[in-house]
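A.B. asks: Counting from 1 along the sequence shown, just add 16 to a position and that's the residue number in the working numbering. All C-beta atoms, glycine included, are put in the ideal place defined by N, C-alpha and C.
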Amino acid sequence: MELKIIKTENKKAKPQGALGFGKYFSDHMFIMEYADGKWQNARIQPYQELHLQPSASVLHYAQGIFEGAKAFKTKDGKIRLFRLNDNLDRMNDSAERLCMPTFDKKFVYDAIKQLILIDEDWIPTDEGTALYIRPAMIATEPALGVHASKSYLMFVIVGPVGAYYAHGLAPVKLLVEEHYVRAAKGGTGGNKVIGNYAASMKAGENAQAKGYDQAMWLDAKYHRYVEEVGAMNIFFVMNGIVYTPALRGSILPGITRRSAIAILKSHGYKVRECNVDIRKVAEAAENGTLGEIFGTGTAAVISPVGLFGYKGKDYVVNGGNMGEISKMLYNELTGIQNGRLPDKHGWVDIIKE
Ligand code: PLP
Ligand code: COI
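1. Any idea if G256 is buried or exposed, counting beta-carbon neighbours within 10 angstroms, 16 or more meaning buried?
2. Verify whether the separation of the beta carbon atoms of V287 and T260 is less than 9 Å.
3. Would you give the residue range spanned by the alpha helix (DSSP H) that K218 belongs to?
4. What does DSSP give as the partner residues of T90 in its beta bridges?
5. So for G351, helix, strand or coil by DSSP?
6. 9 Å is my cut-off, CB to CB: does G304 come that close to chain D?
7. Counting Cβ pairs, one atom from each stretch, are 3 or more of them under 8 Å apart for the region 323-336 and the region 273-286?
8. Where G175 and E299 are concerned, what is the direct C-alpha to C-alpha distance, given to the nearest angstrom?
9. Pull up the distance between the alpha-carbon of A223 and that of A186, whole angstroms please.
10. Determine the extent of the beta strand (DSSP E) in which K329 is found, giving its start and end residues.
11. Relative to the alpha-carbon of H67, which residue among Y77, K54, E49 and Q56 has its alpha-carbon at the smallest distance?
12. Keeping to the same chain, check which residues put their C-beta closer than 8 Å to that of R240; ignore five residues upstream and five downstream.
13. Compare the C-alpha of K20 against each of H44, A199 and C290 and name the closest.
14. Just tell me which of Y77, Q79 and K86 has its CA closest to the CA of T272.
15. Going by the CB atoms, is the gap between Y238 and L190 shorter than 9 Å?
16. Look at the Cβ atom of V172, then the Cβ atom of L131, and state whether they are nearer than 9 Å.
17. Give a yes or no on contact between the region 150-170 and the region 95-110, applying the rule of three or more CB pairs nearer than 8 Å.
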């Protein structure tokens, strides 16, 4: 398939001051359409509104998926893409799960690369910033019967971002959610599908109303084993061993999670992917064997957890401070991403030297 490129004649002003997360979008976007059984009309075009019928099935039945990746630019002008291939693999898995068409990964990868190079002046270079890449696919068939759509749009928008949480790297406060669940085995929790996020908002809002940043999810059956957090996977250091919930279908297989496990192992840490019982974590917090808790995610990077609330009680973690392992991971991950450290694992694609 050919990739058409239509450039804008009206470049937007760049944001000034703090970037926050997901508020600014660059001058161009990638888009292609699926109809008559194939992807077609692939183009990079000026960032613009989509035209959808009010009957488009994504608006009614949430047949939609997305991804999140990042590109980094250093002051010397080099541009690095982090593990985008893994995101596109996960997106094709999500597509399969929602009966949506898969796509040619190499074609989309190259299109994203071109989009980034066209909008390269949108990539911020300050410490802690990146160009966030948001691929998405939605069902567009104008039909209200519940069935897989026959037509789709896939698009990629990009924009400069800073820290995901409003207070930057300061440790976050999590409330363990004991009533609502995010996902059950057999559901869609292990895929990046849009409905997961709509279903998670109530617990997030409840947590925020009580002064926490986010909800920490427990398993749907026993309400006892930790799953993940709104936009990140989660790790616990107890007695010097690093624990993270095993992937059993209801947790998003995070690419940062996978990267963190590889970095930890390369530093000789013991990492266990298993059931993490929240009651054991609370016990460890009480008897002094809980070292650290941190979250991992593309947007969240490595986010230390300073406190968690469970059954009406608050447990302070590591004196409310970022721990040594979180710091090491943050430094090593961001170092690999921005070229400060060698890319020993082969995660980085330098798309501009
Ligand atoms: N869990 C959820 C629910 C997420 O939305 C994300 C973010 O993408 C993650 C975990 C972390 O995944 P990744 O490291 O691939 O960004
Ligand atoms: C990401 O980290 O890329 C995500 O997709 C999280 C998002 C829900 C903000």
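C.D. replies: By the coordinates alone:
1. By 1-based counting over the sequence shown, the position of residue 256 is 240. So G256 ends up on the exposed side.
2. Locating residue 287 in the sequence shown gives position 271, counting from the first residue. Locating residue 260 in the sequence shown gives position 244, counting from the first residue. In contact: V287 and T260 (Cβ atoms closer than 9 Å).
3. The residue labelled residue 218 in the question sits at position 202 within the sequence shown. From DSSP, the alpha helix (DSSP H) with K218 extends over I210 to A225.
4. The count along the sequence shown starts at 1 and reaches residue 90 at position 74. Answer is none; T90 lacks a bridge partner.
5. Along the sequence shown, one-based indexing puts residue 351 at 335. If DSSP states are grouped into helix, strand and coil, G351 belongs with the helices.
6. The chain labelled as chain D is not found in the depicted structure, where only one protein chain is given.
7. no
8. In the sequence shown, residue 175 corresponds to position 159, counting from 1. In the sequence shown, residue 299 corresponds to position 283, counting from 1. Distance between the alpha carbons of G175 and E299 is about 42 Å.
9. The residue given as residue 223 occupies position 207 in the sequence shown. The residue given as residue 186 occupies position 170 in the sequence shown. Taking the straight line joining both Cα atoms gives about 18 Å.
10. Here residue 329 is taken as the residue at index 313 of the sequence shown, counted from 1. K329 -> beta strand (DSSP E) spans K329 to V332.
11. Indexing the sequence shown from 1 puts residue 67 at position 51. Of the candidates Y77, K54, E49 and Q56, the one whose C-alpha sits nearest the C-alpha of H67 is E49.
12. Locating residue 240 in the sequence shown gives position 224, where the first residue counts as 1. Closer than 8 Å at the Cβ level, and outside the excluded window around R240, lie L234, D293, I294 and R295.
13. In the sequence shown, residue 20 corresponds to position 4, counting from 1. Here the closest residue by C-alpha is H44.
14. What you label residue 272 is simply residue 256 of the sequence shown in a count that begins at 1. Nearest option by C-alpha distance: K86.
15. As a first step, residue 190 must be located in the sequence shown, where it is residue number 174. As a first step, residue 238 must be located in the sequence shown, where it is residue number 222. No.
16. For the purposes of this step, residue 172 is taken as the residue at position 156 of the sequence shown. For the purposes of this step, residue 131 is taken as the residue at position 115 of the sequence shown. In contact: V172 and L131 (Cβ atoms closer than 9 Å).
17. yes
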